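In the numbering used here, the protein residues as written are 585 to 838. Here the structure comes first, spelled out in structure tokens, and everything after it is commentary.
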């Protein structure tokens, strides 16, 4: 095994770890965010059990624990996808931020839900199984394609978002223009199932660039009125989306 193959193997293992343990990140950020909002202490354990923050934390914990065990990984992955899908819909039903930021959060939740569908489809099983679920895997791939296309469209359609990328990225205007074109083209190729490993990794590297240069700057989120721990969650969702794209490379022919 050459150096490049070893690197890809390690990245693949790391991506699986990030995706299946991501619910724990959601638990941490949701509880810390709740503390930041100074939630009133419940008067009884029953009241705590039915509080939405703790209910969602328990669901995250069950799904995260289930995805660490082979026998329950697929079921837990499907449950996590449904749970994250609920948050995606909730983002649109109860908007708390500007229109573009609301849509960005929605798209990230959809991408994360798609990653969990890859788990439910059997792509993250520790032992290679012939009993994959093609319909779930295809839907998971298409959600990653949607996220790639959305990133390109957002950079093109939102002057504010485009200006932030231009100011943060090296050779800002040129690199931002390249990102717009490549995100959309790669998304189309992913949706069609063409050369998925290659284009998935290309999108992953582009997301790494955007995450490091733009989204790790907390001012980017703060000026949009987003609380700190929600900034951490939304930023980490991009890391999970990168893991999803790396995992897509496990299947060469779709």
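No residue lacks a Cβ here, since even glycine has one placed at the ideal position from N, Cα and C. Just so you know, these numbers come straight off a predicted model, no measurement behind them.
Look at residue 767 and residue 704 and say whether their C-beta atoms are less than 8 Å apart. Here residue 767 is taken as the residue at index 183 of the chain shown, counted from 1. Here residue 704 is taken as the residue at index 120 of the chain shown, counted from 1. No, the pair does not count as a contact, with Cβ atoms beyond the cut-off.
Residues near residue 691 by beta carbon distance below 6 Å, same chain, minus five either side: Residue 691 sits at position 107 when you count from the first residue of the chain shown. 731 and 734.
Measure the alpha-carbon distance for residue 753 versus residue 738 and round it to whole angstroms. Counted from its first residue, the chain shown places residue 753 at position 169. Counted from its first residue, the chain shown places residue 738 at position 154. C-alpha separation (whole angstroms): 16 Å.
Exposed or buried, what is residue 773 when buried is set at 16 or more other beta-carbons lying within 10 Å of its beta-carbon? Position 189 of the chain shown holds residue 773. So residue 773 counts as buried.
How is the alpha helix (DSSP H) around residue 683 delimited, first residue to last? Here residue 683 refers to the residue found at position 99 when the chain shown is read from its first residue. Where residue 683 is concerned, the enclosing alpha helix (DSSP H) stretches over 683-704.
Can you list, in chain order, the residues of its chain whose CB lies under 7 Å from that of residue 611, leaving out five sequence neighbours each side? The residue labelled residue 611 in the question sits at position 27 within the chain shown. Only 641, 644 and 645 meet the Cβ criterion.
Assigned secondary structure, residue 709 (DSSP; H/G/I helix, E/B strand, else coil): Looking up residue 709 in the chain shown gives position 125. If DSSP states are grouped into helix, strand and coil, residue 709 belongs with coil.
7 Å Cβ shell around residue 808 - same chain, five flanking residues per side excluded: Taking the chain shown and counting its residues from 1, the one referred to as residue 808 is at position 224. Here the set comprises 681, 682 and 685.
Under DSSP, the alpha helix (DSSP H) around residue 635 begins and ends at which residues? Position 51 of the chain shown, counted from the start, is the residue given in the question as residue 635. Counting along the chain, residue 635 falls outside any alpha helix (DSSP H), and DSSP gives it neither H nor E.
Could you check whether residue 824 and residue 603 sit closer than 8 Å to each other, using their CB atoms as the reference points? As a first step, residue 603 is located in the chain shown; it is residue number 19 there, counting from the start. As a first step, residue 824 is located in the chain shown; it is residue number 240 there, counting from the start. Going by C-beta atoms, residue 603 is nearer than 8 Å to residue 824.
Hey, residue 828 and residue 795: beta-carbon distance below 8 Å or not? On the chain shown, residue 828 is found 244 positions in, with the first residue counted as 1. On the chain shown, residue 795 is found 211 positions in, with the first residue counted as 1. Not a contact, by the Cβ cut-off of 8 Å.
Distance check for residue 781 and residue 595, CA to CA, integer angstroms please. Working through the chain shown from its first residue, we reach residue 595 at position 11. Working through the chain shown from its first residue, we reach residue 781 at position 197. Cα-Cα distance, rounded: 13 Å.
Span separating the alpha-carbon of residue 813 from that of residue 668: Residue mapping note: residue 813 aligns to position 229 of the chain shown, counting from 1. Residue mapping note: residue 668 aligns to position 84 of the chain shown, counting from 1. Cα-Cα distance, rounded: 18 Å.
Do residue 660 and the ligand MG come close, with the Cβ less than 7 Å from some heavy atom? With respect to the ligand MG, the structure shown offers nothing to examine, as it has no ligands at all.
Taking the straight line between their C-alpha atoms, what separation do you get for residue 694 and residue 727? Start at 1 with the first residue of the chain shown, and residue 694 comes out as number 110. Start at 1 with the first residue of the chain shown, and residue 727 comes out as number 143. Spanning the two alpha carbons is a distance of roughly 7 Å.
Could you check what DSSP says for residue 790 in three-state terms: helix, strand or coil? By 1-based counting over the chain shown, the position of residue 790 is 206. Helix at residue 790.
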